[in-house]
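Be aware that the sequence shown starts at 81, since it is given in our numbering, and climbs by one per residue. Virtual Cβ for every residue (Gly too), placed ideally from N, Cα, C. If you're wondering where the values come from, they're calculated on a predicted model, not measured in any experiment.
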Amino acid sequence: MRPQSNTTTTTNINTFSDPSFSSSIHRRITTLSNHLLNPHMASDNQSISVSPTASSHSVFAHLLPAPEDPILGVTVAYNKDPSPVKLNLGVGAYRTEEGKPLVLNVVRRVEQQLVNEASRNKEYLPIVGVADFNKLSARLIFGADSPAIQENRVTTVQCLSGTGSLRVGGEFLARHYHERTIYIPQPTWGNHPKIFTLAGLSVKSYRYYAPATRGLDFEGLLEDLGSAPSGSIVLLHACAHNPTGVDPTPEQWETIRQLLRSKALLPFFDSAYQGFASGSLDIDAQAVRLFVADGGELLLAQSYAKNMGLYGERVGALSIVSKSADVASRVESQVKLVVRPMYSNPPIHGASIVAAILRDSDLYNEWTIELKAMADRIITMRQQLFDALQSRGTPGDWSHIIKQIGMFTFTGLNAEQVSFLTKEYHIYLTSDGRISMAGLSSRTVPHLADAIHAAVTTV
Ligand SMILES: Cc1ncc(COP(=O)(O)O)c(C=O)c1O
């Protein structure tokens, strides 16, 4: 006789009359419950037979090893190199003059305060994150006096750093926007095409970089965006274009704005380096503010990875500027439906740090000083590398090193020259010739200059 509990369980299972509850699932659950509740019925044909998962053969045996991420893979290779002179210029993270990761003093101080606040708890955040963080983040990028903010036309949602903000924005557009094509610059940050494709958009590119001048291909950009179908989405790097370090001038931005608006193209700004390019948060927000000032709509992904050094805390925000407060609030309700099944709600710690810094004028000022120091060190590295190549008489025009802006220099070295740098000089960088200026120091500039000189004269 079956124990009472077994009968009860079986009865409960049998009450699933929903036709969508497939019979195979039903069969498996019944078998499992019989097995667990009455293991003596092993001879019964309801017993569980040995499943393939219990054999030595893996159900994942068919998988091929995936290639390393082209950017993060540089660090993997660097870590394996035992050379004492090795240099990692692949990864977009700031390093001190001593080559060490930096936690800003203001961040450390705020973290201490947060830890000491006994009233803080670890409850779930709302789906949209820390309310104050969202408000202050919108003010930081759009400006405190932005009409869009004053008219409540901005929806801001805390997301998982810049990447997560781009992904949530992409999925929102794929669900609710009438055009599914996004134009991204060629070249761009390697994750962009993958993020938007997986979000459900179709990715096309527009010309951006002119190898001959190592500058902006402005004509190509205007031509490609000029022939994009009306309504298409256009990804724009707000400042410090990655990987080229080439930004449009303010006049060129104005022409781009006029073109986008006249063709009803929807701008999606990626702001990963505000304050990091020029050292000024306002200057680096100028392009974005130009587009917001005309009253038109746009999306913006914001990251605090670089400008507050909060890389691993994954702090960022997605802002969507709409035409009216009413639309903005409906937008927010729909963005919540994107976020909820993706990761439910964002993490609390990093956004609390950012909100505390943006809220308090002393902390804010301290942050801007530390931010400017990081930007200045990068600018100094540009000058030192340029001078070092000049003094070696390295063939070619290297002025792009001081003209380009932000964390990266697009050196113009080809893939063979890059692999020469790695093999002969233990210098690691992505195969497109991009180097992170933040990974350089006065001590390592001569080593890099020697390597570049050798590469362009011998490869
Ligand atoms: C252009 C650009 N966008 C977005 C990101 C996203 O970074 P995170 O997700 O760490 O904020 C990066 C990081 O390197 C970037 O360079």
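Taking buried to mean at least 16 other C-beta atoms within 10 Å of its own C-beta, is Val372 buried or exposed? Position 292 of the sequence shown, counted from the first residue, corresponds to residue 372. Val372 comes out buried.
Buried or exposed, going by whether 16 or more other CB atoms sit within 10 Å of the CB of Ser138? Reading the sequence shown from its first residue, position 58 is the one you call residue 138. So Ser138 ends up on the exposed side.
Does ligand 3 have even one heavy atom less than 8 Å from the beta-carbon of Arg188? Because ligand 3 does not appear in the structure shown, any question about it cannot be addressed here, the ligands present being ligand 1.
Residue of Gly492, Asp304, Lys202 and Ala157 minimising C-alpha distance to Tyr288: Against the sequence shown, residue 288 aligns to sequence position 208. If we check each option's Cα against that of Tyr288, Asp304 comes out closest.
Which of the three DSSP states, helix, strand or coil, is assigned to Leu194? The residue given as residue 194 occupies position 114 in the sequence shown. Leu194 falls in the helix class under three-state DSSP.
Relative to the alpha-carbon of Ile515, which residue among Gln192, Gly486 and Glu504 has its alpha-carbon at the smallest distance? Locating residue 515 in the sequence shown gives position 435, where the first residue counts as 1. Looking at the Cα atoms, Gly486 is the closest of the given residues.
Under 8 Å: do the region 215–232 and the region 411–422 share three or more Cβ pairs, one atom per stretch? no
Between His317 and ligand 1, is the CB less than 8 Å from at least one heavy atom? The sequence position of residue 317 within the sequence shown is 237, counting from 1. Yes, the beta carbon of His317 sits closer than 8 Å to at least one heavy atom of ligand 1.
Which class does Phe349 belong to by DSSP, given the choice of helix, strand or coil? Walking along the sequence shown from the start, residue 349 turns up at place 269. Looking at Phe349 - three-state DSSP - the assignment turns out to be strand.
Just the C-alpha distance for Ile540 and Ser404, rounded to the nearest angstrom, thanks. Nothing in the structure corresponds to residue 540, since the chain is present only between 81 and 539.
If you count every other CB in all the chains shown that lies within 10 Å of the CB of Ala122, and 16 or more means buried, which is it? As a working mapping, residue 122 is identified with position 42 in the sequence shown. Because the pLDDT of Ala122 is 42, which lies under 50, any placement of that residue in the model is unreliable, and the question is left without a value.
Starting from the C-beta of Val415, find all residues in its chain whose C-beta is less than 8 Å away, skip the five residues before and the five after it, and write them out in chain order. Taking the sequence shown and counting its residues from 1, one reaches residue 415 at position 335. Correct list, in chain order: Val208, Thr235, Val237, Val248, Phe252, Leu398 and Ile400.
Within the region 220–286, note down every full beta strand (DSSP E) run reaching 3 residues or more, in order along the chain. 234–240 and 261–266
Using the rule of at least 16 other Cβ atoms within 10 Å of the residue's Cβ for burial, across every protein chain shown, is Met309 buried or exposed? Along the sequence shown, read from residue 1 onward, the residue named residue 309 stands at position 229. The question names Met, yet the displayed sequence has Pro at residue 309. Looking at its Cβ environment, which holds fewer than 16 other Cβ atoms inside 10 Å, Pro309 is exposed.
Over what stretch of residues does the beta strand (DSSP E) that includes Arg523 continue unbroken? By 1-based counting over the sequence shown, the position of residue 523 is 443. Segment: none, Arg523 is in no beta strand (DSSP E) and carries neither H nor E.
Distance cut-off 8 Å: Arg394 Cβ against heavy atoms of ligand 1: The residue given as residue 394 occupies position 314 in the sequence shown. Yes, ligand 1 has a heavy atom inside 8 Å of this Cβ.
Suppose you measure from the CA of Ala455 to the CA of Gln470; what does that come to, to the nearest Å? Counted from its first residue, the sequence shown places residue 455 at position 375. Counted from its first residue, the sequence shown places residue 470 at position 390. About 23 Å.
Would you mind stating whether Phe450 and Asn185 have Cβ atoms separated by less than 9 Å? In the sequence shown, counting from the first residue as 1, residue 450 sits at position 370. In the sequence shown, counting from the first residue as 1, residue 185 sits at position 105. The question names Phe, but residue 450 is Glu in the sequence shown. The criterion of a C-beta distance shorter than 9 Å is satisfied by Glu450 and Asn185.
Beta carbon of Asp149: closer than 8 Å to some heavy atom of ligand 1? If you number the sequence shown from 1, residue 149 lands on position 69. No, Cβ of Asp149 sits at least 8 Å from all heavy atoms of ligand 1.
So the beta strand (DSSP E) His321 belongs to, where does it begin and stop? Residue numbering aside, residue 321 sits at position 241 when the sequence shown is read from its first letter. No beta strand (DSSP E) contains His321, which DSSP labels as neither H nor E.
Determine the contact status of Met388 and Trp447, defining contact as a CB-CB distance below 9 Å. Mapped onto the sequence shown, residue 388 falls at position 308. Mapped onto the sequence shown, residue 447 falls at position 367. Yes.
Using the rule of at least 16 other Cβ atoms within 10 Å of the residue's Cβ for burial, across every protein chain shown, is Asn159 buried or exposed? In the sequence shown, counting from the first residue as 1, residue 159 sits at position 79. Asn159 comes out exposed.
Alpha carbon to alpha carbon, what distance is there between Ile428 and Ser441? Locating residue 441 in the sequence shown gives position 361, counting from the first residue. Locating residue 428 in the sequence shown gives position 348, counting from the first residue. Approximately 22 Å between the Cα atoms of the pair.
So, are the CB atoms of Leu501 and Ala468 less than 9 Å apart? Taking the first residue of the sequence shown as 1, we reach residue 501 at position 421. Taking the first residue of the sequence shown as 1, we reach residue 468 at position 388. Between Leu501 and Ala468, the gap from beta carbon to beta carbon reaches 9 Å or more.
Take the Cβ of Ala453 as the centre, count every other Cβ of all protein chains shown within 10 Å, and call the residue buried at 16 or more, exposed below. Looking up residue 453 in the sequence shown gives position 373. Exposed is the call here.
Might you give, ordered along the chain, the residues of its own chain that have their beta carbon closer than 7 Å to the beta carbon of Val498, omitting 5 neighbours on each side? If you number the sequence shown from 1, residue 498 lands on position 418. Taking Val498 as the centre and dropping the five residues before and after it, the same chain places the C-beta of Leu509, Ser511 and Gly513 closer than 7 Å to its C-beta, in chain order.
Using DSSP bridges, identify the partner residues of Pro475. The residue labelled residue 475 in the question sits at position 395 within the sequence shown. None; Pro475 has no bridge partner.
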